[in-house]
Amino acid sequence: MPAATVDHSQRICEVWACNLDEEMKKIRQVIRKYNYVAMDTEFPGVVARPIGEFRSNADYQYQLLRCNVDLLKIIQLGLTFMNEQGEYPPGTSTWQFNFKFNLTEDMYAQDSIELLTTSGIQFKKHEEEGIETQYFAELLMTSGVVLCEGVKWLSFHSGYDFGYLIKILTNSNLPEEELDFFEILRLFFPVIYDVKYLMKSCKNLKVSNLLMVWNKFCIWRQSMSCLKILSLFLFSAFTFMMHIKRCCLKLYIFNIKGVVRSRQEHKINFCNCLPVKNTVLKLNLQYFVDR
279 MPAATVDHSQ RICEVWACNL DEEMKKIRQV IRKYNYVAMD TEFPGVVARP
329 IGEFRSNADY QYQLLRCNVD LLKIIQLGLT FMNEQGEYPP GTSTWQFNFK
379 FNLTEDMYAQ DSIELLTTSG IQFKKHEEEG IETQYFAELL MTSGVVLCEG
429 VKWLSFHSGY DFGYLIKILT NSNLPEEELD FFEILRLFFP VIYDVKYLMK
479 SCKNLKVSNL LMVWNKFCIW RQSMSCLKIL SLFLFSAFTF MMHIKRCCLK
529 LYIFNIKGVV RSRQEHKINF CNCLPVKNTV LKLNLQYFVD R
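Positions 279 to 569 (the working numbering) are the ones given, in order, by the sequence shown.
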């Protein structure tokens, strides 16, 4: 059975404080052979916008990200594991981590909370049984999932996602400068594939979101209704592998080691390209966060 036709509804594990240690032990084993990690987060929207003068639109976008990530708390993190052939591990392949969140005490955007509630988020359970972010960070730091060049991260338009993860892992607010943010990003997540950027190499593929990508590639959708909030990072995994198998296009791996100090742009060297070329990509955070 092709990897894209696996019934993921039977392979998803909900992780709360009570089973966090047990599930992280499993992940430590899984990551050894399944080192491609599709990731998505859920967070309580956007509640603030920066004021003042900005050097560029990219600088404004980063300050927008920074002020909201600093003010708000992550609600969920989803991780799906597979190998370079797009095969999922036996048993559980997706873990959804549910963090402490209190609608009475924590800040949020009302429209985002309403959408998440409709999607099935159990905010009462998050308040009572949610994971403490700092304990989760301690376990993640020693799991082999972060700080490892051999781990490939798959995402879609993921500036905020990585922003919240960096906030958790460093137990501090994001740095004031975008360049410093990228320095930290390359430390924890050395290799990132962004599916949205990969799709830009398809000149005749006019899609603006993952659902359109899903439909364009006619990927099997049996588990779509039950995935709900998990859909984004699962679609990222599906789309990534379908892009390799069916587009016959160059695969650009974003290796953040190539970041150089620059005020308005970040140059990232391509590595492991198909075909291999000594090329440089100009990239800034606006691409990741301009939703």
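Built from N, CA and C at the ideal position, the CB exists for glycine as well.
For residue i, the first and last residue of its enclosing alpha helix (DSSP H)
i	result
residue 309	It is not in any alpha helix (DSSP H) - residue 309 carries neither H nor E in the DSSP assignment.
residue 347	335-349
Endpoints, beta strand (DSSP E) assigned at residue i
i	result
residue 329	Looking at the DSSP string, residue 329 is not in any beta strand (DSSP E), and its letter there is neither H nor E.
residue 372	372-376
residue 353	First-last for residue 353: undefined, no H or E at that position.
residue 469	469-472
residue 293	290-293
For residue i, the residue or residues it bridges with in DSSP
i	result
residue 362	According to DSSP, residue 362 bridges with nothing at all.
residue 318	356
Close beta carbons around residue i, own chain, < 8 Å, minus the five adjacent residues each side
i	result
residue 325	346, 349, 350, 385, 386 and 387
residue 449	412 and 415
residue 296	407
residue 289	366, 369, 370, 371 and 372
residue 433	316, 317, 318, 439, 440, 470, 471, 472, 473, 511 and 514
residue 419	425 and 447
residue 466	424, 425, 443, 444 and 447
Cβ neighbour criterion (16 or more within 10 Å) applied to residue i
i	result
residue 397	exposed
residue 356	buried
residue 463	buried
residue 329	exposed
residue 363	exposed
Residues of its chain near residue i, where Cβ-Cβ distance is below 7 Å and the 5 sequence neighbours each way are ignored
i	result
residue 441	343, 347 and 452
residue 306	421 and 422
residue 321	350, 352, 353, 438 and 442
residue 375	293, 354, 355, 409 and 414
residue 323	386, 387, 389 and 390
residue 379	351, 353, 401, 404, 405 and 408
Cβ-based neighbour list, residue i, same chain, cut-off 6 Å, excluding 5 preceding and 5 following
i	result
residue 313	428 and 429
residue 417	302
Quick one: complete beta strand (DSSP E) runs, 3+ long, within the segment 381-441? 430-433
Entirely enclosed alpha helix (DSSP H) segments - the segment 442-466, minimum 4 residues: Entirely contained in the segment 442-466, the alpha helix (DSSP H) runs reaching 4 residues are, in chain order, 456-466.
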